[in-house]
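Take a look at the structure set out below.
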Amino acid sequence: MVRNTLVLKLLLCGIILTFISACTEKPTPKEKGKETSAQNILKIDPETQKLMHLQTASVVKGEMPETIQTTGEVKTDINQKARIRSIVNGKVLRVFPNIGTYVKKGDVLTVIESQDIGDALALMQQAKASLTFAEANLKRKEELFKLKVAPLKDVEKAQNAYVQAEASYKRAVEQLSILGIFLPKTTERGEDFPQKYLYRVDAPLSGVIIDRNISSGEWVTKGEEVFSIADLSRVWIYLDIYPDWLSRVRPGQEITFKTDAYSGKIFKGRINSLSPDLNPETMTALARVSIENTSGLLKPGMKGIAQIVTGVSSNVLIIPATAIQKEGAKRVVFIKKGDTFEKREVEVIGEMAGKAGVRGNIKEGEEVVVSGAYQLENARAFKSPASAGEED
């Protein structure tokens, strides 16, 4: 059944192309000096045009952004990325999130048992004992001085020892706070210390885990990177800028970005900065673009095509971008005049939001084919030079 349907479709296409070939003719040029090849002209009756679903639009004049098209790659915004390193040596007891997990600021990422915390606690206890002794000694010296039993220099010496002991104690408490252990004010000189020396790693920002380098039971060393978190609500896109474009590209210019992952989806942003040097391998500079990504669609590593708006041209001939057909390095359109369709070469000077600015052998008010140009090109190719000669 499927095979029969396919055969019928192929036969129908052959009939249409044969009919088009029979109906084509070479018109006489109206303007002196203008030569048009017969192979670029087709004459198609209204009924066949309906079968081919041909649609046209008028060529208009207006303003058109001047654009540069280049490649780009999505990267994380380093201002919204955190590389988390262990500040202690120890054994990993438990790891909570995996790569790709979304975490909130303050969520526990891992717990590490570390003797470093025990050492810091011991130093704090020693500092606390020294401060207690220095405080009691100062009070005793002050009382003896009042009774005129001790000289003033003993009081001053006791005061200096107290100041030093207090400073040592504060440093010890600060070291504990760096390790994530905060002593309540009501008990900061008490004995309420954890029985296990645990270091808890918390998420410093909300985002997605993009790298995890530890597992439960492993030993980590001080300074070792254990996690990377990125907030992908805003991302960077790096664009390749060739040397001959540098005079036209500058910060603040608007760009659009498309990727094959989301057909038809357009992301918009502006250039933030331009690198001061060229990549020696690609001989291109990099333009950095910051783009909102609250939907999370753009992922680091994605590549796509970007258009940079470098200026605006006025009084430009504008047509729908769907009218433009690629023919090798050339760009062509089909112009409709009654039942006649003529293929003409044009130069595209800019494209934005489904519209294209062009120049060449095309005029304002002419009708350009925006749907069905592919069928017209097949029909034109089907038309042989011999048949064209017979029409003469």
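Residue numbers (our numbering): 473 to 864.
Idealized CB from N, CA, C, for every residue including glycine.
is_contact[residue i, chain C] using C-beta, thresh 8 Å
| i | result |
| --- | --- |
| T794 | You won't find chain C in this structure, because it holds only one protein chain. |
Beta-ladder partner(s) of residue i, from DSSP
| i | result |
| --- | --- |
| M755 | DSSP, once it has assigned bridges, lists no residue as partnering M755. |
| W691 | K563 |
| D683 | S700 |
| E764 | R706 |
Residue i and residue j closer than 8 Å at C-beta
| i | j | result |
| --- | --- | --- |
| D591 | N561 | no |
| E614 | V635 | no |
| I834 | R852 | no |
| V547 | P715 | The question names Val, yet the displayed sequence has Lys at residue 547. No, the pair does not count as a contact, with Cβ atoms beyond the cut-off. |
| R684 | N787 | no |
| G597 | L610 | Reading off the sequence shown, one finds Gln at residue 597, where the question assumed Gly. Result no, Cβ atoms of Q597 and L610 do not sit closer than 8 Å. |
| R760 | W717 | no |
| F729 | A778 | yes |
| V583 | I701 | no |
| L704 | G768 | yes |
| I686 | V567 | yes |
| Y671 | G652 | yes |
| E814 | I513 | yes |
| I719 | M536 | Note on identity: in this sequence residue 719 is Ser, with Ile being the wrong assignment. No. |
| I743 | I763 | no |
| E696 | S558 | yes |
| T782 | D712 | no |
| A793 | G822 | no |
| A608 | L616 | no |
| K515 | T766 | no |
| Y710 | E519 | no |
| Q527 | V842 | yes |
| A594 | Y641 | no |
| V645 | V564 | no |
| A637 | L603 | yes |
| R706 | Q552 | yes |
Terminal residues of the beta strand (DSSP E) in which residue i lies
| i | result |
| --- | --- |
| V698 | E697 to A702 |
| S843 | E839 to S843 |
| S786 | K775 to P792 |
| A820 | According to the sequence displayed, residue 820 carries Val and not Ala. T812 to M824 is the extent of the beta strand (DSSP E) around V820. |
| R742 | F739 to L746 |
| T728 | E726 to K730 |
| I713 | R706 to I713 |
| R425 | As shown, the chain starts at 473 and ends at 864. That puts residue 425 outside it, with no answer to give. |
| K620 | It is not in any beta strand (DSSP E) - K620 carries neither H nor E in the DSSP assignment. |
| K808 | K802 to K809 |
| A795 | Looking at the DSSP string, A795 is not in any beta strand (DSSP E), and its letter there is neither H nor E. |
| G832 | K827 to G832 |
Cβ separation of residue i and residue j, assumed to be a contact under 8 Å, to the nearest whole Å
| i | j | result |
| --- | --- | --- |
| P723 | L758 | Actually they are not in contact, since the Cβ atoms of P723 and L758 sit about 13 Å apart, beyond 8 Å. |
| V673 | L581 | 5 Å |
| T539 | I791 | With a Cβ gap of about 15 Å, T539 and I791 do not count as contacting. |
| G832 | E819 | 5 Å |
| A633 | A601 | About 13 Å; that fails the 8 Å criterion. |
| Q847 | M524 | 5 Å |
| F739 | L789 | No, F739 and L789 are not in contact; Cβ-Cβ is about 28 Å, not under 8 Å. |
| V698 | I556 | 6 Å |
| S678 | K577 | 5 Å |
| A845 | A795 | 7 Å |
Element boundaries [alpha helix (DSSP H), containing residue i]
| i | result |
| --- | --- |
| I653 | I653 -> no alpha helix (DSSP H), and no H or E assigned at all. |
Q. Whole beta strand (DSSP E) runs in the stretch 508-596 with 3 or more residues, listed along the chain?
A. 513-515, 527-530, 532-548, 553-557, 562-567 and 580-585
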